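Structure first, commentary second.
There are 2 protein chains.
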Amino acid sequence: MTNIKKVSELAGVSTATVSRTLKSPELVTEHTREKVMKAVQQAGYRPNWLATSVKTGRSNSIVVLVPNLVNPFFMRIIEGIEQGAQEKGYSVLLGDTQGKASREHEYASMVLTNRADGLIQLDHSFPFSANDAALAEKVPMVSVCERIEGERRYPFIELDNYAAGRALTHHLISYGHSRFGIIAGQRTSQIHHDRLAGIKSVLKEEGIDFADNMLVGGSYRIETGIEGIQQLFDRDVPVPPTAVFCFNDDIAVGALYELKRRGLRVPQDVSITGFDNVKVSAYMDPPLTTVDQPAYEMGRRAVDVLAQLINRQPLQRTREILPFQLLERGSTGPVKI
Amino acid sequence: MTNIKKVSELAGVSTATVSRTLKSPELVTEHTREKVMKAVQQAGYRPNWLATSVKTGRSNSIVVLVPNLVNPFFMRIIEGIEQGAQEKGYSVLLGDTQGKASREHEYASMVLTNRADGLIQLDHSFPFSANDAALAEKVPMVSVCERIEGERRYPFIELDNYAAGRALTHHLISYGHSRFGIIAGQRTSQIHHDRLAGIKSVLKEEGIDFADNMLVGGSYRIETGIEGIQQLFDRDVPVPPTAVFCFNDDIAVGALYELKRRGLRVPQDVSITGFDNVKVSAYMDPPLTTVDQPAYEMGRRAVDVLAQLINRQPLQRTREILPFQLLERGSTGPVKI
DNA sequence: GCTGCAGATGTAATCGATTACAGTTTTACG
DNA sequence: CGTAAAACTGTAATCGATTACATCTGCAGC
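Residue numbers (my numbering), protein chains in the order written: chain A, 1 to 337; chain B, 1001 to 1337.
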């Protein structure tokens, strides 16, 4: 291994001078700088990052906790995080939690052991174990698209899921729909509650009933969409819904697939909506009406906020709400008479 | 910050004893172990990972270079990598190269600076700059699904793209097709050449002509599929193809979309095939005939191989070919008479 | 020529661990 | 009881950097 000592010997100077030449060149004379640089070249020297970090106490890395890597929506957020991190000199440590608490704890504790400086959370639970709750108090941490209600609070970036729920509902009602189904994802999340509350608030205002058994589903997967449609349309309720809210685009893909398989046409027989605006949603048949989330931007903002926390700069606000956009495409239409 | 010294004072022992208690408990007596553990608890002590790493010279991290995070196929590989890494005690540093050489260099040099112990490459180019080529000689590095032909060689995990190309072609020929189009992705990659060679070899054997202008495309995106179809069907060639090979599922999504938009039916008018078997491909309308790559498994194997390189264990072979599977679904069918 | 100061470089402490080696205590056994 | 070996613990070197402080040189100003 070529270390700073070897270079210093090669250049005939002290290690301090080598270090200075590389970090603050203005402190050494032209002459020695050249000597040192030549030695650096010759030895193929690169400063050992671990050593630098242990000295400065900063790892310049951040952990990103994500429940699922294959979801393009999350990945878009992570692209934003990656870009922002890169610009600020941070590296991104990937923490695929697979929704398991044990994994979350494991990754989160990387911040406690100086392996990372901060944490970005795309999951929905508090990522520290009961043991570490007290320590976690000081951990710089930001949550993207999920708010933690409860014991602990930290800054979060999200969009107004309540308003998005309302917008989707208004859109469908304007097409004359009045019998709705909902296929939800992870039900314990704040997102879920907000969207649901948004939908229900409009229904209430419009005097439309919503039976609890029209809410099905429980995870953000294609299969959930398929099973959701089966539950909504197979049960012995007299009248199936004419419009179905799917709480993400994957669920909507499954729902669309299953509706077609049953010979139902979208949107002529049933309207469906997605959420997230993943790339393929625009190229489905029909293209999906969905809510666009500025995922990339959310990722970037998360890094900004996290960097402020890490550097103990004061935050203007602990809550950032980014704008969503309702994309009306082919999967929704007038109710069948 | 609570460090080992504080704990040692709290427990009334030396730092060496604290270190031993935590790393090799069998070296200390029951009595002191208890004392130390109590102090550790009380102080909320966690060993500083940076310090440990600088001492051992191992960061226990690996860098994964990926050209694009939103591609579910890559992400499936990374899931495998993540899982394998986790089991072996490595963390994964994400390197989103966005296909840019500068990014590649930047991330790759993390191995040269001890920030990571090795490198897994999902991209297709040699990730070190000309300057570092010599240093890179010693860097543990594995390539997944892409072989590097040329100056530098390192182990790779892939599937037999040549054979997969042949299998797809046989499948379409068995349906009576003889006029083919190809919408390719990244054309400079080895994958591209292998698949293309596989297809052409069968066509030659069967005495079927393939005009070079029936090969279009140049990146793995949905838009490439749309533009590809436009090029293949708009040109003034007398007869458009009856079957189109798309070199990944994203391209196939675009192709399917554009074909439908033009009023062509799949597979009655045109058959199309994808590649990779991403999740949604099974739920398209029609479901996509595609080649399943064991992406997750490829990721896991890559970590195994990389770990061997890092630990300087001898490799049985530098080339691992995993099995593919041709999935015949609804997007291919008999040629229209 | 001497003093003072700025600028360049070297010396050595430091970051937070691990671990070789030394020193001390305990145990085993004749 | 004495001695050697074993078991435990402490001291201090070490990993590879950074940096406070010390030292040395050279030059300006009186």
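Ideal placement from N, C-alpha and C gives every residue a C-beta, glycine not left out. All figures in this text were calculated on a predicted structure; none of them were measured in a lab.
| Item | Value |
| --- | --- |
| Can you pull the chain B residues whose beta carbon is under 9 Å from the beta carbon of ASP96 (chain A), in chain order? | ILE1078, GLU1079, GLU1082, GLN1083, GLN1086, VAL1092 |
| Where in the region 62 to 121 of chain A do unbroken runs of the beta strand (DSSP E), each at least 3 residues long, occur, reported from the N-terminal end onward? | 91 to 96, 118 to 121 |
| Drop a sphere of 10 angstroms on the beta-carbon of ILE1337 (chain B), count the other beta-carbons inside from all chains shown, and report buried for 16 or more, exposed for fewer. | exposed |
| Bridge partners for GLN308 (chain A) per DSSP, in chain order? | Answer by DSSP bridge pairing: none, since GLN308 (chain A) is not bridged. |
| Helix, strand or coil, according to DSSP, for LEU1315 (chain B) in the structure here? | coil |
| ILE173 (chain A) lies in the alpha helix (DSSP H); which residues open and close that run? | 161 to 174 |
| Are at least three pairs of beta-carbons, each pair with one atom in the region 1196 to 1203 of chain B and one in the region 1260 to 1279 of chain B, less than 8 Å apart? | no |
| Within 10 angstroms of the Cβ of SER102 (chain A), are there 16 or more other Cβ atoms? Answer buried if so, exposed if not. | exposed |
| For a test of your reading of the model: does the CB of ASP1285 (chain B) fall under 7 Å from any non-hydrogen atom of the ligand SAH? Yes or no. | Inclusion of the ligand SAH in the displayed structure is not the case, the ligand content being empty and no account of it being possible. |
| Taking GLY330 (chain A) as the reference, which of A:GLU137, A:LEU119, A:ASP285 has the closest Cα? | A:ASP285 |
| For a contact meaning CB atoms closer than 8 Å, what does PRO47 (chain A) contact in chain B? | THR1113 |
| Since MET75 (chain A) meets chain B, which of its residues come closer than 7 Å, beta carbon to beta carbon? | LEU1069, VAL1070, MET1075 |
| Using the beta-carbon of each residue, which ones in chain B are nearer than 9 Å to ILE222 (chain A)? | LYS1279, VAL1280, ALA1282, TYR1283 |
| Which residues in chain A sit within 8 Å of VAL1253 (chain B), going by Cβ to Cβ distance? | VAL280, TYR283 |
| Tell me which residues share the same chain as ILE321 (chain A) and place their Cβ nearer than 7 Å to its Cβ, disregarding the 5 neighbours each side in the sequence. | GLU158, LEU159, ASP160 |
| How about LYS35 (chain A) and ALA51 (chain A): are their beta carbons less than 8 Å apart? | no |
| Residues in the same chain with beta-carbon distance under 6 Å from VAL1018 (chain B), minus the five sequence neighbours each way, listed in chain order, please. | ILE1004, VAL1007, SER1008, VAL1036 |
| Mapping DSSP to helix, strand and coil, what is PHE354 (chain A)? | This structure leaves residue 354 (chain A) out entirely; chain A is present only between 1 and 337. |
| Under a CB-based cut-off of 8 Å, is SER14 (chain A) close to chain B? | no |
| Can a CB atom of chain B be found closer than 8 Å to the CB of LEU154 (chain A)? | The question names Leu, yet the displayed sequence has Tyr at residue 154 (chain A). Chain B, which has no Cβ nearer than 8 Å to the Cβ of TYR154 (chain A), makes this no. |
| Per DSSP, what kind of secondary structure is ALA211 (chain A) in: helix, strand or coil? | coil |
| Could you check the C-alpha separation between LEU135 (chain A) and TYR1045 (chain B) for me, to the nearest Å? | 10 Å |
| Tell me, please, whether the CB atom of VAL270 (chain A) is closer than 8 Å to any CB atom in chain B? | no |
| Using a cut-off of 7 Å between C-beta atoms, extract the partners of SER59 (chain A) located in chain B. | LEU1050 |
| Among B:ASP1234, B:VAL1239, B:ASN1213, B:ASP1249, whose alpha-carbon lies nearest the alpha-carbon of GLY1225 (chain B)? | B:ASP1249 |
| Consult DSSP for GLU1328 (chain B) and reduce its assignment to one of helix, strand or coil. | coil |
| Thinking just about the alpha-carbon of each residue, which of B:PRO1287, B:TYR1283, B:VAL1291 is nearest to the one in ASN1277 (chain B)? | B:VAL1291 |
| As a quick exercise: from A:GLN121, A:ARG115, A:PHE74, A:LYS55, pick the residue whose alpha carbon is nearest that of VAL305 (chain A). | A:GLN121 |
| Cβ of ARG195 (chain A) within 8 Å of Cβ of ALA164 (chain A)? | yes |
| Can you give the beta carbon distance from LEU309 (chain A) to GLY95 (chain A), rounded, assuming they're within the 8 Å contact cut? | Wrong, their Cβ atoms sit about 18 Å apart, outside the cutoff. |
| Using the C-alpha atoms, what's the distance from SER1219 (chain B) back to PRO1047 (chain B)? | 46 Å |
| What does DSSP give as the partner residues of SER24 (chain A) in its beta bridges? | SER24 (chain A) is not bridged to any residue. |
| Spatial neighbours of LYS1088 (chain B) within its chain, please: C-beta separation below 7 Å, excluding the five flanking residues on both sides. | VAL1303, ALA1307 |
| What is the residue span of the beta strand (DSSP E) that ASP1285 (chain B) lies within? | Premise fails: ASP1285 (chain B) is in no beta strand (DSSP E) and is neither H nor E. |
| Chain B beta carbons: is any one of them nearer than 8 Å to that of GLY44 (chain A)? | yes |
| Who are the neighbours of ALA134 (chain A) on chain B, taking C-beta pairs under 9 Å? | GLY1044 |
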